[in-house]
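Under our numbering, the first residue of the sequence shown carries the number -12, and numbering increases by one thereafter.
Glycine included, every Cβ here is placed at the ideal spot set by N, Cα and C.
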Amino acid sequence: MTGDITPFAQAVTRVADRPDTLRHEASTLVELMTPDERYELLQGDVDFWAGMADLLSGGYHDHTFTGAACPRLGVPGLSFSDGPRGVVVGAATCFPVTMARGASWDSELEERIGDAIGRELRTVGANLYGGVCVNLLAHPAWGRAQETYGEDPVLLGSMGAALTRGVQRHVMACVKHFALNSMENARFQVDVTVDEAALHDVYLPHFRRIVDEGVMVVMSAYNSVNGAWCGENRTLLTDILRDQWGFQGIVISDWIYGLRHAGRSVAAGLDVEMPYRMVRHQHLATHLSEGVTSESDIGAACERIVAAQLRNAVAHPTSPVDPSCTASPQHRALAREASTSSMVLLRNEGGLLPLDPTQVRSLAVVGHLASVTNLGDHGSSRVNPPEAVTLLDGLRVAADAAGAHVYADAGDDAERAAALAADADVAIVVVGLTHLDEGEYIGLAGTSELQALQPPRTEADGELLRAALHRAAGSDRTFGAGGDRTSLRLPDAQERLITAVAAAQPRTLVVITAGSAIDVNPWHEKVPALLLAWYPGMEGGHALADLVFGRKAPSGRLPFSMVADQAHLPPFDRNATAVTYDRWVGYRRLARDGNRPTYPFGFGLTTTTFRWSDAAVALTPDRSSLTATVTVTNTGERTADDCVQVYAGHQSPTLDVEPWKLVGFARSGPVAPGASVKVTVTAPLMALSHWDVDEQVHRIEPGRYRVRLARHSLDPNALHVAVALPAGRRR
Ligand code: BGC
């Protein structure tokens, strides 16, 4: 070493000067390591039982998870904090959940959220963010639906890539869960069978989009795919991710039970077992001697791990960060903007919204969820902001400013609530779910098969755990119930409350707070106005008030379909040990079966009117993308954002594939009454490709394509343009 400059730091300087030396520098550093140091690089750096004790007593929110370090050479290691609705360590800004942000259809906003999260991550010492979750919503009952962006690969890919861009200005981002992790309760046991074409056309394109964006880390999933656990799945981790897509970063396991066989996981291409010394610590040496994996596999993983850290050190020098950015007024304003942009107005009969503050003197706010902090799941995605504005608080502040009075009622007695509503000018009924109804689920972690993966427990470990449990008793920081939903309907009492209040007060708005679709069919036609507010983040109350009192016009659009009948969804068994996923999910399935949804994918109302004109579609000069343009004119009376969605498909498809799908989208930005803006949507042609199983390539069929510029997937007023496309292919 030169003075106290470590070999790693010296290598960083050289790679900064000559990026082409990255691989060489990484391999030189790995050569300097002892065999034990190389093993240490392949896992978290805390002993399993000490880690579990720390986790039980709230460590998850106190500090980052570390691993993959070599202190002697100065290799700093990974320092991981989770998301996705902010930073889970400390008291960070809590943004609306990912599904809400999917409903904003605003990738520029998502990038700014990523940038804010990236800054806050630096203040807690994190260099890796685990919050880019893009598993496709295959069924709305999925307990962790709130952590992803919706049911469409293009929406998932664009939004996940935007988050990645923002976060990676400051730290490394990790995209998860690779792949097909779209059920919760069964995640440790389920094998997902999927055919190659559906895999490449529907379940993986968004991961690839984010790999193309330069994401530095991928997290494998718990479930198995086509018979191999994702943490040991060579087809996914090496053949597809690295050989086909050219991914240059590292793969980490999902937490604790993310791999089951040390040797197979290394051979398959999984680099780091996170977060503790667990399966590899116990078995890697044996598996190496048995020939399940080799020194060369281990060396390759170590080189990737060191190379990623060198790239990270060059990209993000560890300059000091100003801790005051955390939950700063700017970040809270961003959380509020995200929340207003994401709420989806589903019904607005008679133009109930916005309320005219000069006319409304009294407001009845009904339902216990109005006055509780309800930010989403209590599992790994839980963010603990310094404070949160409840929906009731936000409405009160706005009503006070307008000189109106708010009467609140917990809604436990529907008759009483209805009487209160009848006496007010307007009623707002807040219903929905909490972390007890949906979220991450760790119930199955207690099975003997998984417990067998744990290292033996000593007396001292037992003591540690008992002390941790004692410390945790009574704490609100422990993991919540969550899990997949058994029904998509609201609890009976809430449905009764809605019906009673709507019958008593014709000016009733129902606000739903949840992370995914709710079956509103039994009652939605009885209420004049319906708003999907999601788990809206720490500024949710103010955001709701912005929309209710017309300071902002609603602009969110559904990131999934809300079906008319649950029989129109694919089957969902939350205890399944095996499922088959095909390409027919979401709007694709509904269109194939000729089933009209109650509220289609992409749907959302606003409080002005728009006219679209001059639609045009062209191929970019490099023939890699389509650009669709349209002039959007605000013909109404309020400033609002519009959202242009572009759907396309071959006029005479030769394959058994969906006849049309989303290929791109863009928000207009605020358009003032009378003003016009030209909106341009760029759609990479790859979004129109299909996987050719024989040739192992994504192929674009040449010929004429129908392109629809639409406000939602079934928009009857969509503008149609035809365009001829040349053949194309990409590995
Ligand atoms: C979750 C991951 C998460 C990890 C670490 C796991 O239980 O499945 O999404 O990143 O915990 O928090």
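Burial state of residue i (16 or more Cβ within 10 Å)
{"i": "P6", "result": "exposed"}
{"i": "P478", "result": "exposed"}
{"i": "L456", "result": "exposed"}
{"i": "A414", "result": "buried"}
{"i": "S145", "result": "buried"}
{"i": "E738", "result": "This structure does not reach residue 738, given that the chain is present from -12 up to 718, and the question cannot be answered."}
{"i": "E336", "result": "exposed"}
{"i": "I505", "result": "buried"}
{"i": "E219", "result": "buried"}
{"i": "R444", "result": "exposed"}
{"i": "P372", "result": "buried"}
{"i": "E183", "result": "exposed"}
{"i": "G105", "result": "buried"}
{"i": "M(-12)", "result": "The pLDDT assigned to M(-12) is 47, lower than 50, so where the model puts this residue is not dependable; a value taken from the coordinates is nonetheless given after this. With fewer than 16 Cβ atoms within 10 Å of its Cβ, M(-12) is classed as exposed."}
{"i": "D4", "result": "exposed"}
{"i": "N621", "result": "buried"}
{"i": "A659", "result": "exposed"}
{"i": "S252", "result": "buried"}
{"i": "S211", "result": "buried"}
{"i": "L423", "result": "exposed"}
{"i": "Q683", "result": "exposed"}
{"i": "E107", "result": "buried"}
{"i": "V680", "result": "exposed"}
{"i": "E290", "result": "buried"}
Cβ separation of residue i and residue j, assumed to be a contact under 8 Å, to the nearest whole Å
{"i": "A705", "j": "R691", "result": "A705 to R691, Cβ: 17 Å. No contact."}
{"i": "A249", "j": "L96", "result": "No, A249 and L96 are not in contact; Cβ-Cβ is about 42 Å, not under 8 Å."}
{"i": "V331", "j": "V417", "result": "Contact doesn't hold; Cβ gap of about 15 Å is too wide."}
{"i": "L297", "j": "L9", "result": "6 Å"}
{"i": "S207", "j": "S240", "result": "6 Å"}
{"i": "T327", "j": "T80", "result": "Contact doesn't hold; Cβ gap of about 16 Å is too wide."}
{"i": "W571", "j": "R579", "result": "6 Å"}
{"i": "G137", "j": "P640", "result": "No, G137 and P640 are not in contact; Cβ-Cβ is about 24 Å, not under 8 Å."}
{"i": "N171", "j": "D471", "result": "The amino acid at residue 171 is misidentified as Asn; the sequence shows Glu. Yes, they are in contact, since the Cβ atoms of E171 and D471 sit about 5 Å apart, within 8 Å."}
{"i": "A405", "j": "A516", "result": "Contact flag wrong, Cβ pair sits at about 17 Å."}
{"i": "Y731", "j": "G130", "result": "An answer regarding residue 731 cannot be provided, because it is not within the stretch -12 to 718 covered by the chain."}
{"i": "L382", "j": "L496", "result": "Incorrect: roughly 11 Å between the Cβ atoms, too far for contact."}
Under the three-state DSSP convention, the category residue i falls into
{"i": "P157", "result": "It should be noted that the sequence gives His, not Pro, for residue 157. DSSP places H157 in coil when its eight states are reduced to three."}
{"i": "I505", "result": "coil"}
{"i": "Q296", "result": "helix"}
{"i": "H365", "result": "coil"}
{"i": "T596", "result": "coil"}
{"i": "F194", "result": "helix"}
{"i": "L60", "result": "helix"}
{"i": "Y522", "result": "coil"}
{"i": "M203", "result": "coil"}
{"i": "D93", "result": "coil"}
{"i": "R1", "result": "helix"}
{"i": "Y209", "result": "coil"}
{"i": "A602", "result": "strand"}
{"i": "D(-9)", "result": "coil"}
{"i": "R88", "result": "helix"}
{"i": "D396", "result": "strand"}
{"i": "A215", "result": "strand"}
heavy atom of ligand 2 below 7 Å from residue i C-beta
{"i": "D69", "result": "For ligand 2, the structure offers nothing, since it holds only ligand 1."}
Query - Inter-stretch contact at 8 Å, needing at least 3 Cβ pairs: the stretch 632 to 648 / the stretch 668 to 686 - result: yes
Query raised in the report: Between the stretch 112 to 130 and the stretch 484 to 492, are three or more C-beta pairs nearer than 8 Å?
Result: no
Requested in this report: Could you tell me whether the stretch 512 to 526 touches the stretch 603 to 620, using the rule of 3 or more Cβ pairs below 8 Å?
Outcome: no
Query - Length-filtered (4 minimum) alpha helix (DSSP H) runs lying within the stretch 303 to 362 - result: 316 to 329
Query raised in the report: Taking contact to mean at least 3 C-beta pairs separated by less than 8 Å, is the stretch 557 to 577 in contact with the stretch 407 to 422?
Result: no
Report task. May I have a chain-ordered list of the beta strand (DSSP E) segments no shorter than 3 residues that lie completely inside the stretch 99 to 177? Result -> 115 to 120 and 159 to 165
Query - contact_flag[the stretch 222 to 240, the stretch 254 to 266] where n(CB pairs < 8 Å) is 3 or more - result: yes
Requested in this report: Please specify which runs of the beta strand (DSSP E), each continuous and at least 3 residues long, are wholly inside the stretch 542 to 572, giving them in chain order.
Outcome: 565 to 568
Query raised in the report: Taking one C-beta from the stretch 58 to 73 and one from the stretch 100 to 119 each time, how about it: are there three or more such pairs within less than 8 Å?
Result: yes
Query - the stretch 23 to 40 touching the stretch 425 to 439, judged by at least three CB pairs closer than 8 Å - result: no
Query raised in the report: Mind pulling the beta strand (DSSP E) runs of 3 or more residues that sit fully within the stretch 622 to 699?
Result: 627 to 637, 648 to 658, 663 to 671, 677 to 679, 684 to 687 and 690 to 697
Query raised in the report: At what residue ranges does the stretch 241 to 282 contain a whole run of the alpha helix (DSSP H), taking only runs of 4 or more?
Result: 249 to 255 and 266 to 276
Requested in this report: May I ask you to verify whether the stretch 352 to 362 touches the stretch 375 to 387, counting CB pairs closer than 8 Å and requiring at least 3?
Outcome: yes
Requested in this report: Counting only runs of 3+ residues fully inside the stretch 27 to 81, write out the beta strand (DSSP E) ranges in chain order.
Outcome: 52 to 54 and 65 to 68
Requested in this report: Could I get the ranges of all uninterrupted alpha helix (DSSP H) runs contained in the stretch 406 to 452, with 4 residues as the minimum, in chain order?
Outcome: 435 to 438
Query raised in the report: Quick check: the stretch 680 to 689 against the stretch 617 to 636, are there 3 or more CB pairs under 8 Å?
Result: no
**Report entry** Cβ pair count under 8 Å reaching 3, the stretch 232 to 239 against the stretch 187 to 204
**Finding:** yes
Query raised in the report: Is the stretch 261 to 272 touching the stretch 46 to 57 in the sense that three or more CB pairs, one from each, lie closer than 8 Å?
Result: yes
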